[in-house]
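What follows is a single structure, written as structure tokens, with notes after it.
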Amino acid sequence: MRVVVFAGLSAVALALSGCGQQGADPVPTATASIDAEPQNAPGVTISDAMVRLPAAPGRPGVAYFGVTFGGEGARSIAGVYVEGVERTEMHETVTENGISKMQPVSSVPLSTGQPVQFKAGGLHVMLFGVADTLKAGETTEITLTLDNGDKVSAPARIEAVGGGMSAPMDHSAHDMSKM
Ligand SMILES: [Cu+2]
669 MRVVVFAGLS
679 AVALALSGCG
689 QQGADPVPTA
699 TASIDAEPQN
709 APGVTISDAM
719 VRLPAAPGRP
729 GVAYFGVTFG
739 GEGARSIAGV
749 YVEGVERTEM
759 HETVTENGIS
769 KMQPVSSVPL
779 STGQPVQFKA
789 GGLHVMLFGV
799 ADTLKAGETT
809 EITLTLDNGD
819 KVSAPARIEA
829 VGGGMSAPMD
839 HSAHDMSKM
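Here the numbering used here is used: the first residue of the sequence shown is 669, the next is one more, and so on.
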């Protein structure tokens with residue numbers, strides 16, 4: 669029952685954030701959009717947000733970041749939007765008997781005192797349809813939508829493949845035909 673409810677909320681939140689964001693100015697600067705429209709969910713902080721560009725055109729990119737929650741009760745992340753990216757999916761890499769595979773995650777729980785880390789080999793956000801306007805060394809904006817509709821945004825630095833440690837390995841197992 670809970671799973672069904674969460675999945676429904678997640679789909680709605682993704683659809684809403686997709687429509688709203690795409691209707692916005694196509695090239696806002698990260699700081700301008702944050703300052704102009706405060707929309708931050710209370711108590712939610714994004715740290716060290718990073719977008720890694722696809723290894724080759726048409727392949728997915730990936731986003732990593734940390735999230736801390738200091739609000740009341742419990743919330744969950746229902747969707748992720750990245751400026752300049754058509755579609756995202758939250759994934760989790762699970763290793764069983766030495767074999768890693770990725771599975772979609774419809775919501776990620778947040779609770780006080782339990783930071784969540786999106787990182788290589790664990791939770792991560794797949795980025796589909798990465799615009800070539802995103803350049804390594806520059807910055808884009810990442811926005812999380814919570815299950816109650818609150819949003820929180822932060823700047824994310826853009827890196828090329830090879831800018832970090834294990835991301836190419838993390839995504840070598842990604843079979844697009846199974847998405
Ligand atoms: Cu993935």
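By construction, the Cβ of each residue, glycine as well, lies at the ideal position given by its N, Cα and C atoms.
The distance from the Cβ of residue 728 to that of residue 794 is about 5 angstroms, consistent with a contact at the 8 angstroms cut-off.
Out of 730, 714 and 721, the CA that lies nearest to the CA of residue 828 is found in 721. At least one heavy atom of ligand 1 is found less than 7 angstroms from the C-beta of residue 770.
Distance from the Cα of residue 813 is smallest, within the candidate group 756, 741 and 764, for 756. In this structure, residue 794 has its beta carbon less than 7 angstroms from a heavy atom of ligand 1. In terms of Cβ geometry, residue 798 and residue 753 form a close pair [threshold 8 angstroms]. The beta carbon of residue 787 lies closer than 6 angstroms to those of 732 in the same chain, with the five residues before and after it left out. Residue 760 and residue 789 have their C-alpha atoms some 8 angstroms from each other. In this structure residue 750 is buried. Its beta-carbon is surrounded by 16 or more other beta-carbon atoms within 10 angstroms. Comparing alpha carbon positions, the residue from 715, 781, 758 and 826 closest to residue 742 is 781. Counting C-beta atoms within 10 angstroms of its own C-beta, residue 726 has fewer than 16 neighbours from the protein chains shown and is therefore classed as exposed. Residue pairing from DSSP leaves residue 765 without any beta-bridge partner. Every beta strand (DSSP E) stretch that sits fully inside the region 760–828 and reaches 3 residues is listed by chain position as 767–772, 776–779, 784–786, 791–798, 807–814 and 819–827. From the listed residues 784, 796 and 826, the smallest Cα separation to residue 713 is found for 784. Here residue 710 has 739 as same chain residues with Cβ atoms under 7 angstroms from its own Cβ, once five neighbours each way along the sequence are excluded. By the CB criterion at 8 angstroms, residue 744 and residue 719 fall outside the cutoff.
One Cα belongs to residue 803, the other to residue 766, and the distance between them is close to 34 angstroms. CA-to-CA, the gap between residue 796 and residue 758 works out to about 11 angstroms.
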